[in-house]
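K.L.:
Chains as they are written, first to last, in our numbering: chain A, 1 to 596; chain B, 597 to 726.
All residues carry an ideal CB built from backbone N, CA and C; glycine is no exception.
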Amino acid sequence: MAKIRTHLMVCGGTGCISSGADTLITELENILVQKGYDKEVKVVKTGCFGFCGQGPIVKVHPDNVFYVQVQAADAKDIIEEHVIKGRHVDRLLYVEPIENQKMDLHRDMPFYKKQLRIALRNCGMIDPENITEYIAFRGYEALANVLTMKREDAVKVVKDSGLRGRGGGGFSTGMKWELTMRSPGDQKYIICNADEGDPGAFMDRSILEGDPHSVLEAMAIGGYIIGATKGIIYIRAEYPLAIHRLEVAIAQAREYGLLGKDLFGSGFDFDIEIKLGAGAFVCGEETALIHSVEGKRGEPTKKPPFPSESGYLNKPTCVNNVETFANIAPIFLNGAEWFASIGTEKSKGTKVFALAGKVNNVGLVEVPMGTTLREIIYEIGGGIQNDRAFKAVQTGGPSGGVITVADLDTPIDYDSLKAIGSMMGSGGMIVMDEDNCMVDIAKFYLDFTKDESCGKCTPCRVGTKRMLEILERITEGHGTAEDLDNLQALAYMIKDSALCGLGQTAPNPVLSTMKYFREEYENHVFNKRCATGSCKALAKYSIIADKCIGCTACARVCPVNCISGKVKEVHVIDQDKCIGCGACFNACKFSAVLKP
Amino acid sequence: MAIKSLEDLKRIREESQKKVNLRETGESTDDIVELMVGMATCGIAAGARETLSALLDETEKQELTNIRIVQVGCLGYCHSEPTVQVNLPGHEPIIFGKVDDKRAREIITRYVMHNEMLEDSVVINTFVKA
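(1) For A:Tyr67, which residues from the same chain have a beta carbon less than 6 Å from its beta carbon, with the 5 sequence-adjacent residues on both sides left out?
(2) Return the chain-ordered ranges of every beta strand (DSSP E) run that is complete within the stretch 356-435 of chain A and spans a minimum of 3 residues.
(3) Give the straight-line distance between the Cα atoms of B:Cys674 and B:Lys694, rounded to the nearest whole angstrom.
(4) Using the three-state DSSP reduction, which class does A:Phe171 fall into: helix, strand or coil?
(5) Please decide whether B:Gln613 counts as near chain A, where near means a Cβ-Cβ distance under 7 Å.
(6) With 7 Å set as the bound, which would you pick, yes or no: does the beta-carbon of B:Lys566 sit closer than that to a beta-carbon of chain A?
(7) In three-state DSSP terms, what is B:Thr661?
(8) Between which residues of its own chain and A:Ile25 is the CB-CB distance below 7 Å, once the five residues before and five after are set aside?
(9) Using a Cβ-based criterion (distance less than 6 Å to any ligand heavy atom), does A:Ala326 qualify as near the ligand NAD?
(10) Give the interface partners of B:Met635 over in chain A, defined as CB-CB distance under 8 Å, in chain order.
(11) May I ask which residues mark the beginning and end of the beta strand (DSSP E) holding A:Glu299?
(12) Smallest Cα separation from A:His213: which of A:Asn30, A:Leu120 and A:Asp262?
(13) Nearest to A:Pro300 by CA position, among A:Tyr492, A:Gly455 and A:Leu490, is which residue?
(14) For chain A, check one thing: does any of its Cβ atoms lie closer than 7 Å to the Cβ of B:Ser601?
(15) Would you say B:Met597 faces chain A, with C-beta separation under 7 Å as the test?
(16) How would you call A:Lys351, buried or exposed, if buried means at least 16 neighbouring beta carbons within 10 angstroms?
(17) Roughly how far, in whole angstroms, is the beta-carbon of A:Ala75 from the beta-carbon of A:Gly20, given that I think they are within contact range, below 8 Å?
(18) Cβ closer than 7 Å: which chain B residues qualify as neighbours of A:Ala144?
(19) Would you kindly work out how many angstroms separate the C-alpha atoms of A:Ser347 and B:Ile599, rounded to a whole number?
(20) Among A:Leu355, A:Pro330, A:Ala498 and A:Asn122, which one has its Cα closest to the Cα of A:Met424?
(21) Which residue or residues does DSSP assign as beta-bridge partners of A:Ile573?
(22) Within this structure, are the beta carbons of A:Trp322 and A:Glu286 separated by less than 7 Å?
(23) Residues in its own chain within less than 7 Å of B:Arg701 by CB, not counting five upstream and five downstream?
(24) Check whether the stretch 515-533 of chain A touches the stretch 468-477 of chain A, taking contact to mean three or more Cβ pairs, one atom from each stretch, closer than 8 Å.
(25) Strictly by DSSP, which residues pair up with A:Cys48?
(26) Less than 7 Å between the beta carbons of A:Phe270 and A:Thr229, yes or no?
(27) Measure the Cβ-Cβ separation of A:Gly86 and B:Gln667 and say whether it is below 7 Å.
(28) With DSSP collapsed to three states, give me the class of A:Ser18.
(29) How is A:Met1 classed by DSSP in three states: helix, strand or coil?
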């Protein structure tokens, strides 16, 4: 008689689905049926493995072989060669770039070696749409235990663990829960902030897609502690897959009596509803989020009063980030001491980062606090693409700053990054190389925050717009020295006077890039030059007279006819007419065109 | 199906664990007993699939959790197919030949559980692997 002896775990995160994981799964299932192996081999759609740059990913258990960049056409080989004949499909193995070695064990890969997956523990191990698999890996056991504890004892565990808010604020989760617990109120609420507005961040999305129950269980635990019988998940509508997985998870939890009335016979009722956000960055700020849930326009309000006293519908409310919740169950299962033994003195546990930009290994990584930036970018990230030189890494999204080569050995935690002018934020990490223009980067972030400003307070509404105007003038070659001074003064003013975190941190990218890359700003303003060529208005090409042989190849491709010169004579580019398109650079076979 | 106590939860967990156990053993590096079943052409022709099923079934019957059963390619002993290599932690790997359903179950109950050698089934290593 046949029994399931192999599991083919296929990554079903949004990234891999967009690369064809669904077709791959259907193909695998069809071939298994065709060959008569469908009773022995199970195909499981699981959560994000994190190695997004190499997706779609297939992991074979129990053989523990890790296949990368798998397409639907490869399904046949995986089944015929590996499943049936036990021979690994070499060409689908990951090739480690430094030694150029094929690797099949994922724990040996440099990408995974330094990672410690706590929040992402189940992503890649379970089928997120099957509650029994979450239970098989000790799911809901923490909740069962907490319901037998006194609330004061339970909150002490969270405080002792040292867990701090993973949304970026870094406030002690235990303390927040204790404050809300102590607030008097006939109805309290616990809200999960799944808005994840930072561009380029997908940590929360991956947790919700790959392990939704971890959040549901933690919300129930939090609800019990603070005394809330109602939980709300505020998730942006742009995450359809995460929403679907949450809906399935909530329905299954209700079916199994793990949400609803009298959980585990303790007398505690708790249920969760989902509220969709419309993708406004400002709704990630807790007071704006609460107003959005109430059905009002997402605008922040002054604190105090803090939500723990008066929040949703003026009742005591606790708002926590998805990743914060994902850490709760392991803290109760393994103990506060275990969690506190990981990380640095003031920042305990691990942090999930979305590593993006010009690194070789783009994806989701979870490392203990205290890991250095250098380790993340060079060891886990595999270094800079195409062997270009590292310039800076932007952390904390539009609220953060840039970090340069000099500070690469800084161990990452909440306080150390703040000390060097950036912040950890929610975990976005964008790596930049020598071809990125820092003024352009500042302009990009400010364009974003200006768009997302809710408009309530003048410093942010008008201030971000004025800062953007100055940056646009600079990148178009009309900047002046006064602009630089005004930019800086405005930045400090807005930081001091804006009503909420959006405005207070919007100037950070500008201040940070001005501090470390002042010469780039001055080059744009005084020399009207952009060294990287990113600012199109300033990029001018020129011809090196010694190398030019007068072949006219460049003049023929120039779209604005700004190159003059007779055949076999040195050519010249008219600097005023040049639009910086680079066609001449590509056309020249004698390296005679100088790229700006 | 409603879970009303920690016992209910544990019951569901035990049942579900059996289904996902092979993922955990796949990840672990501790004292896992590894059984490799030769599933090349000669192996399959000689009945290695039934051998594999028997091993899986007996493991479940005996409720052993630290066992990893994988299929591999040709082990080289085509004259004695179906072959099974057993890696007991701390012992030299042993290859058993002509392993049918009955022998497969004995490998589990006698060799793996009690380290009792099955002399008449052992295949002598006649060549050195690279």
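P.N.:
Considering the structure as presented:
(1) Val58 and Leu92
(2) 363-368, 390-395, 402-404 and 428-433
(3) 10 Å
(4) coil
(5) yes
(6) Absent from the model: residue 566 of chain B. The displayed extent of chain B is 597 to 726, so no value can be given.
(7) coil
(8) Val10, Val43 and Lys45
(9) You won't find the ligand NAD in this model; it holds no ligand whatsoever.
(10) Ile84, Lys85 and Gly86
(11) Element bounds for A:Glu299: n/a, residue is neither H nor E.
(12) A:Leu120
(13) A:Gly455
(14) yes
(15) yes
(16) buried
(17) The Cβ separation is near 11 Å, so there is no contact.
(18) Leu602 and Leu605
(19) 36 Å
(20) A:Leu355
(21) A:Ile563
(22) Looking at the sequence shown, residue 322 of chain A is not Trp but Val. No; because the gap between Cβ atoms is not below 7 Å, this pair is not in contact.
(23) Ala650 and Glu654
(24) yes
(25) Its beta-bridge partners do not exist; DSSP assigns none.
(26) yes
(27) yes
(28) helix
(29) Caution applies to A:Met1, whose pLDDT of 44 falls short of 50 and renders its modelled position unreliable; the model cannot decide the point.
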